[in-house]
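Numbering (our numbering), first residue to last: 18 to 466.
Built from N, CA and C at the ideal position, the CB exists for glycine as well.
Everything numeric in this text was worked out from a predicted model, so none of it was measured.
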């Protein structure tokens, strides 16, 4: 078999897959249509661009996302190393300067002698080499039609939304203050507090804000529950936001101890600390309406908005119908899918799929047994979930404790102990993969950061 793999898509999954292949001495043709053809959601030509939040989620193994990251580090994820270099303060979360992150990944790809970056749109699935399709939720129409022809399945889709970004210097710190919830962390979030009257004024503007109308073919599509537009949350009930992204608990004023009715949080978006994104404020409001709603928030009356929130359609394939847990297609062993297009949701989850697809494509070329991960690990559980053939209504999933294989003995009602035991089992299982395959299988890296 030719020692080269075609990777379609230079996003998080595609970049990770390319690095994994190159680490194992496999040549890569990495196709990315940007900047020649953009998507409407991306703003740069960088690889691995983060288009929504700049946070990869919690980095603590007491969370499902944190456990997945630790498993990925054991398996030698390259993009998590870049994320660490581009990290900005975000409490227990791993958040990055999205520009620095994308630039570093792009530079490393361009400098790698085994990776050939080709900036053009792919309109047909190659048949002369193994292929990893990691074209993402914003797959071009032509390629989407090609995939549909191959799978024989209609694509599924949902809507995702992006939150606005604010210039720090335009925030009024006579009203806003730095703090992390319950004092945990390094005071990395900016908090804009509200009393009841201020919240009710904000709420009325929000639920009456004018929205961008969906195109006819988009109507009826679903939202992903973990990334609902703020206006959708608000319409579920007057207090929904106060028990969600605007919950005030643990955010008393650090000097006066004052408690608040609701709090809007902003998270650092770049290393220079000049830009902050609004946590949980992804939206489909018209830009004029966004201005009005944002300026009704105490501390943001004079906010300079450098990027407005937008909503975009995310496409994913019906993975349970045609993918194996190795991320190979049922009909063609040398064709893999990776990233959000498989039906996982989240940056970390997308990178994880690219990690596994890259490892397994290399193993296929080397005539080795492919990694078939058990649901004892978070990565194995994700792969098993998205490829479970009995799904009646398949919807995207992110890392969560519920998809892991249950413990053989349960620790009663102690949820924290249960998570701890699940995490310990997952990490031991993942570490044992290194023992089985050889430690350097996952450890070697060609890059300095």
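Minimum C-alpha distance to residue i - residue among the options
| i | options | result |
| --- | --- | --- |
| residue 187 | 178, 207, 198, 176 | 207 |
| residue 81 | 401, 437, 52, 352 | 437 |
| residue 151 | 379, 331, 355, 380 | 355 |
| residue 341 | 400, 102, 279 | 400 |
| residue 284 | 125, 109, 86, 413 | 109 |
| residue 323 | 273, 111, 293 | 293 |
| residue 164 | 74, 111, 318, 333 | 333 |
| residue 137 | 106, 49, 313 | 49 |
| residue 252 | 223, 272, 271 | 223 |
| residue 134 | 270, 42, 23 | 23 |
| residue 395 | 416, 408, 404, 379 | 416 |
| residue 449 | 266, 388, 382, 347 | 388 |
| residue 326 | 113, 308, 44, 368 | 308 |
Residue i (DSSP reduced to helix, strand or coil)
| i | result |
| --- | --- |
| residue 303 | coil |
| residue 365 | helix |
| residue 412 | coil |
| residue 189 | coil |
| residue 388 | coil |
| residue 68 | coil |
| residue 168 | helix |
| residue 233 | At residue 233, the pLDDT of 46 sits below 50, so the modelled position is not reliable and the matter cannot be decided from this model. |
| residue 133 | strand |
| residue 469 | The structure shown does not extend to residue 469, since the chain is modelled only from 18 to 466, so the question has no answer here. |
| residue 268 | coil |
| residue 228 | strand |
| residue 139 | coil |
Bounding residues of the alpha helix (DSSP H) (the contiguous stretch that carries residue i)
| i | result |
| --- | --- |
| residue 89 | 81 to 91 |
| residue 469 | Residue 469 is absent from the structure shown; the chain starts at 18 and stops at 466. |
| residue 399 | 395 to 403 |
| residue 38 | 29 to 40 |
| residue 250 | 247 to 251 |
Which residues DSSP lists as bridging residue i, in chain order
| i | result |
| --- | --- |
| residue 507 | Because the chain is modelled from 18 through 466, residue 507 falls outside the range shown and cannot be assessed. |
| residue 329 | 177 |
| residue 286 | Residue 286 is not bridged to any residue. |
| residue 24 | 47, 149 |
| residue 353 | 149, 345 |
| residue 77 | According to DSSP, residue 77 bridges with nothing at all. |
| residue 110 | 75 |
| residue 182 | 294, 324 |
| residue 340 | 346 |
| residue 194 | 208 |
Residue i, buried or exposed, once every other Cβ within 10 Å from all chains shown has been counted against 16
| i | result |
| --- | --- |
| residue 159 | exposed |
| residue 359 | buried |
| residue 233 | Interpretation of residue 233 is limited by its pLDDT of 46, a score under 50 that renders its predicted location unreliable; the figure taken from the coordinates is listed afterwards. It is exposed - the Cβ of residue 233 has fewer than 16 other Cβ atoms within 10 Å. |
| residue 72 | buried |
| residue 473 | What is shown of the chain runs 18 to 466, which leaves residue 473 out entirely. |
| residue 365 | buried |
| residue 189 | exposed |
| residue 79 | exposed |
| residue 260 | exposed |
| residue 213 | exposed |
| residue 121 | buried |
| residue 86 | buried |
| residue 162 | exposed |
| residue 456 | Below a pLDDT of 50, predicted positions are generally treated as unreliable, and residue 456, at 49, falls in that range; the measurement from the model is reported next regardless. Residue 456 is exposed by the Cβ-count criterion. |
| residue 426 | exposed |
| residue 166 | exposed |
| residue 344 | buried |
Beta strand (DSSP E) segment containing residue i, residue limits
| i | result |
| --- | --- |
| residue 335 | It is not in any beta strand (DSSP E) - residue 335 carries neither H nor E in the DSSP assignment. |
| residue 292 | 292 to 295 |
| residue 322 | 322 to 324 |
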